[in-house]
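Numbering (the numbering used here), first residue to last: 17 to 459. Every residue, glycine too, gets a C-beta built ideally from N, C-alpha and C. Just so it is clear, the structure is predicted and the values come from calculations on it, not from any experiment. Contents: one structure, followed by commentary.
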Amino acid sequence: MLGTVQATLIFTLAALAVPLPRIGRQFGLEHADLILLSASYGLAFAGLLLFGGRLADRYGGRPVFAAGLLVFAAASVLVPLAPTYPVLLGARFGQGVGAALTAPAAMALLRALFPQPAAYGRAMATWGGINMLGATAGNVLAGVATALWSWRAAFAVPVLVAGAALALAPRVLPGLRVLPGGSPRSGPAEPRAGLDLPGALLVTAGVTLASYGLVVSDTYSWISYPVLVPLLAGAAVLTAFLAVERRARDPLLPPDFLRDGRRTAGLLAVAVTAAGASVTFVVLSLQLQEQRGWSALQTSAVFVPFAVAQLAAGRAAGPLIARIGAARTTAGGLVTAAAGLGLIALTGLAEHIPYAYGLLPATLLLPAGAAVAFAGAAVLATDKVPAGQAGLAGGVFNTAMELGASVVFAAALSLGGDTGSFAALAGGFAVLALVNSRVGRRR
Numbered sequence: 017m018l019g020t021v022q023a024t025l026i027f028t029l030a031a032l033a034v035p036l037p038r039i040g041r042q043f044g045l046e047h048a049d050l051i052l053l054s055a056s057y058g059l060a061f062a063g064l065l066l067f068g069g070r071l072a073d074r075y076g077g078r079p080v081f082a083a084g085l086l087v088f089a090a091a092s093v094l095v096p097l098a099p100t101y102p103v104l105l106g107a108r109f110g111q112g113v114g115a116a117l118t119a120p121a122a123m124a125l126l127r128a129l130f131p132q133p134a135a136y137g138r139a140m141a142t143w144g145g146i147n148m149l150g151a152t153a154g155n156v157l158a159g160v161a162t163a164l165w166s167w168r169a170a171f172a173v174p175v176l177v178a179g180a181a182l183a184l185a186p187r188v189l190p191g192l193r194v195l196p197g198g199s200p201r202s203g204p205a206e207p208r209a210g211l212d213l214p215g216a217l218l219v220t221a222g223v224t225l226a227s228y229g230l231v232v233s234d235t236y237s238w239i240s241y242p243v244l245v246p247l248l249a250g251a252a253v254l255t256a257f258l259a260v261e262r263r264a265r266d267p268l269l270p271p272d273f274l275r276d277g278r279r280t281a282g283l284l285a286v287a288v289t290a291a292g293a294s295v296t297f298v299v300l301s302l303q304l305q306e307q308r309g310w311s312a313l314q315t316s317a318v319f320v321p322f323a324v325a326q327l328a329a330g331r332a333a334g335p336l337i338a339r340i341g342a343a344r345t346t347a348g349g350l351v352t353a354a355a356g357l358g359l360i361a362l363t364g365l366a367e368h369i370p371y372a373y374g375l376l377p378a379t380l381l382l383p384a385g386a387a388v389a390f391a392g393a394a395v396l397a398t399d400k401v402p403a404g405q406a407g408l409a410g411g412v413f414n415t416a417m418e419l420g421a422s423v424v425f426a427a428a429l430s431l432g433g434d435t436g437s438f439a440a441l442a443g444g445f446a447v448l449a450l451v452n453s454r455v456g457r458r459r
């Protein structure tokens with residue numbers, strides 16, 4: 017159930033990519049409006065994740081999980097019913113808020129369900145694949161629903177899943193609470209430390225401002241006020257957050273949490289892999305529909321081989337991690353994904369090259385490598401995390417996935433447009449593969 021919910025959170029994030037042009041035509045939106053709409057879920061999600069993780073660690077995974085699902089479900093009901101653009105935009109922000117509570121709480125519950133390190137590592141390998149699969153499913157099913165019915169039909173999925181999860185949670189999730197000492201038990205948790213509200217406000221404001229600046233860089237130049245002001249303000253607020261955290265009695269993000277080299281490498285791999293997937297989904301969806309004139313159904317069909325390769329690679333990732341280690345598995349996956357991105361840059365967007373020789377091989381290599389890399393990175397990013405910080409780990413993991421994707425996505429597009437973005441990401445994957453291979457050798 018936790019896996020289905022997590023996949024649905026990512027599904028909901030990705031489901032807007034294919035129908036975005038049709039939504040723009042229906043509501044008469046400008047390009048800037050489309051950019052804000054596509055980013056609204058991610059802005060709220062990334063901004064509140066660390067606070068959501070803190071809430072899960074203090075109050076327990078199940079109550080925060082249920083509260084997040086309630087917010088997510090209520091906002092999800094509004095999306096398919098939205099009569100105007102402002103309502104749709106507000107509903108997408110609301111979905112992001114609910115997801116920011118639900119995702120880290122789900123990872124805290126996962127830690128309570130698998131308290132042994134070996135079992136938790138295997139669970140996290142699967143968890144990584146679930147995230148990638150949710151993104152692909154969002155693109156495929158949204159395209160099918162848009163072509164056969166309406167873009168609104170695709171957004172019935174989060175409503176149904178959230179409702180089912182709320183009904184099932186009391187039956188299938190044990191009432192485990194993870195104590196600060198690291199051992200799970202049933203019953204009410206002992207009182208926990210404060211929530212570090214100043215830190216929560218600062219990191220939420222800083223991440224949201226910086227993310228917004230990156231998002232609008234697709235519309236305005238990097239030296240324009242709409243980009244520079246939120247970027248600089250976000251950087252200043254995040255700097256203040258780091259200063260507050262050093263003096264806080266019980267900081268939202270403990271300074272030593274990111275000092276582990278394996279964890280840092282894993283989080284970087286999570287960020288760049290999520291960026292590769294987001295660039296691929298958004299750019300290909302727009303290119304195929306707007307430049308080649310493909311329908312939404314044809315565009316979604318491109319991602320079917322993507323999903324098949326992802327499923328197959330995801331099943332192989334767990335045994336591979338057990339055999340050669342998470343760092344080397346991540347490095348191998350990144351190299352494979354880099355080859356797929358490079359192939360898209362060289363041939364995939366060229367109209368004169370047939371699909372079978374250009375885009376198809378790329379959409380097999382990229383998801384296979386990305387699924388393996390993401391599974392290994394999920395294990396690295398959560399390795400040796402204390403049980404009492406499971407919610408924090410979930411918040412940091414998902415923040416890396418969302419904020420990292422925004423950073424790399426904006427930077428890659430600025431380096432040369434559509435083809436340049438894939439080439440830049442391929443290079444980034446290759447460099448990060450080298451980093452992870454070195455991490456593996458040092459262990």
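- Query: Exposed or buried, what is Thr-415 when buried is set at 16 or more other beta-carbons lying within 10 Å of its beta-carbon?
  - Reply: Counting the other Cβ atoms within 10 Å of the Cβ of Thr-415 gives 16 or more, which makes it buried.
- Message: Quick check: the Cα distance between Val-103 and Leu-94, rounded to an integer number of angstroms?
- Response: Those two C-alpha atoms are separated by around 8 Å.
- Among Arg-38, Thr-235, Met-148 and Ala-287, which one has its Cα closest to the Cα of Gln-20? Looking at the sequence itself, residue 20 is Thr, so the reference to Gln does not match. Measuring from the Cα of Thr-20, the nearest candidate turns out to be Met-148.
- Taking Ala-325 and Ala-384 to be in contact with their CB atoms under 8 Å, please state how far apart those CB atoms are, rounded to whole angstroms. So it is a contact: roughly 5 Å between Cβ atoms.
- So, are the CB atoms of Thr-346 and Ala-393 less than 8 Å apart? The answer is yes: Cβ separation under 8 Å.
- Item | N- and C-terminal bounds of the alpha helix (DSSP H) containing Ile-26 | That run of the alpha helix (DSSP H) goes 18-30.
- Mind checking Val-188: buried by the 16 CB within 10 Å criterion, or exposed? Here Val-188 is exposed, its C-beta having fewer than 16 other C-beta atoms within 10 Å.
- the segment 42-50 in contact with the segment 303-310 per 3-pair CB rule at 8 Å: Contact between the segment 42-50 and the segment 303-310 is absent, because fewer than three Cβ pairs lie under 8 Å.
- Message: Can you list, in chain order, the residues of its chain with a C-beta nearer than 6 Å to that of Arg-108? Leave out the 5 residues immediately preceding and following it.
- Response: Same-chain partners within the cutoff: Ser-56 and Tyr-57.
- Message: Taking 7 Å as the limit between beta carbons, can you name the residues of its chain near Leu-139, skipping five residues before and five after?
- Response: It is worth fixing the name first, because residue 139 is Ala in this sequence and not Leu. Leu-126 and Phe-130.
- Query: How many Å lie between Met-17 and Ile-239 at the Cα?
  - Reply: The straight-line gap separating the alpha-carbon atoms of Met-17 and Ile-239 is approximately 46 Å.
- Item | Own chain, CB closer than 7 Å to Pro-321, minus 5 neighbours either side, in chain order | Its chain contains Leu-376, Thr-379 and Leu-380 as the residues whose beta carbon lies nearer than 7 Å to that of Pro-321, once the 5 sequence neighbours on both sides are disregarded; these appear in chain order.
- Item | Per-residue DSSP class, three states only, for Thr-152 | Of the three classes helix, strand and coil, the one that applies to Thr-152 here is helix, per DSSP.
- Query: First and last residue of the alpha helix (DSSP H) that includes Gly-58?
  - Reply: Counting along the chain, the alpha helix (DSSP H) containing Gly-58 begins and ends at 47-75.
- Contact belief for Val-156 with Phe-319 at Cβ below 8 Å, rounded distance in angstroms: Contact flag correct, Cβ pair sits at about 5 Å.
- Could you give the distance in angstroms between the alpha-carbon of Val-243 and the alpha-carbon of Ser-233? Val-243 and Ser-233: Cα-Cα distance of roughly 6 Å.
- Query: Is it true that the segment 67-83 meets the segment 401-411, where meeting means three or more beta-carbon pairs spaced less than 8 Å apart?
  - Reply: Result yes; three or more Cβ-Cβ pairs closer than 8 Å.
- Item | Inter-stretch contact (C-beta, 8 Å, three-pair minimum) for the segment 208-224 and the segment 69-78 | When C-beta atoms of the segment 208-224 are compared with those of the segment 69-78, three or more pairs fall below 8 Å, so the two segments count as touching.
- Task: Check Ile-340 in the structure and name its three-state DSSP category.
- Result: Under the three-state reduction of DSSP output, Ile-340 falls in the helix class.
- Return the chain-ordered list of same chain residues with a C-beta closer than 7 Å to the C-beta of Leu-419, the five sequence neighbours on each side being excluded. Only Ala-62, Val-223 and Ser-227 meet the Cβ criterion.
- Along the alpha helix (DSSP H) that carries Pro-35, what are the first and last residues, could you check? No alpha helix (DSSP H) holds Pro-35; DSSP gives it neither H nor E.
- Task: Give every residue of the same chain whose Cβ lies closer than 6 Å to the Cβ of Gly-110, excluding the five residues on either side of it in the sequence, and list them in chain order.
- Result: Ala-91.
- Flag this pair as yes or no: are the beta carbons of Ala-317 and Gly-154 separated by less than 8 Å? Contact flag unset, no.
- Message: Between the alpha carbons of Leu-284 and Leu-396, how many angstroms are there, rounded?
- Response: Here the C-alpha atom of Leu-284 lies approximately 10 Å from the C-alpha atom of Leu-396.
- Item | Run of the alpha helix (DSSP H) containing Pro-383, from where it starts to where it stops | Element bounds for Pro-383: 375-398.
- Query: Roughly how many angstroms separate the alpha carbons of Val-388 and Thr-398, rounded to a whole number?
  - Reply: CA-CA distance, Val-388 to Thr-398, rounds to 16 Å.
- Item | DSSP three-state assignment for Ala-372, whether helix, strand or coil | Here Ala-372 carries a coil assignment [DSSP, helix/strand/coil].
- Query: Quick one, which of Gln-22, Pro-370, Leu-36 and Ile-337 has its alpha-carbon nearest Phe-297's?
  - Reply: Measuring C-alpha to C-alpha distances from Phe-297 to each of Gln-22, Pro-370, Leu-36 and Ile-337 identifies Leu-36 as the nearest.
- Task: Check Asp-272 in the structure and name its three-state DSSP category.
- Result: The three-state reading of DSSP puts Asp-272 in helix, counting H, G and I together.
- Query: Along the chain, which unbroken stretches of the alpha helix (DSSP H) at least 4 residues long are found entirely within the segment 107-175?
  - Reply: Listed in chain order, they are 133-164 and 167-170.
- Query: Which residue's Cα is closest to the Cα of Lys-400: Gly-356, Leu-274 and Ala-332?
  - Reply: Ranked by how close their Cα comes to the Cα of Lys-400, the residues Gly-356, Leu-274 and Ala-332 have Leu-274 in first place.
- Query: If you draw a straight line from the C-alpha of Val-253 to the C-alpha of Val-219, how long is it?
  - Reply: Here the C-alpha atom of Val-253 lies approximately 7 Å from the C-alpha atom of Val-219.
- Task: Have a look at Thr-356 and Thr-363 and give me their C-alpha separation to the nearest angstrom.
- Result: The question names Thr, yet the displayed sequence has Gly at residue 356. Gly-356 and Thr-363 have their C-alpha atoms spaced approximately 10 Å apart.
- How would you call Trp-165, buried or exposed, if buried means at least 16 neighbouring beta carbons within 10 angstroms? The residue in question, Trp-165, is exposed, as its Cβ has fewer than 16 Cβ neighbours within 10 Å.
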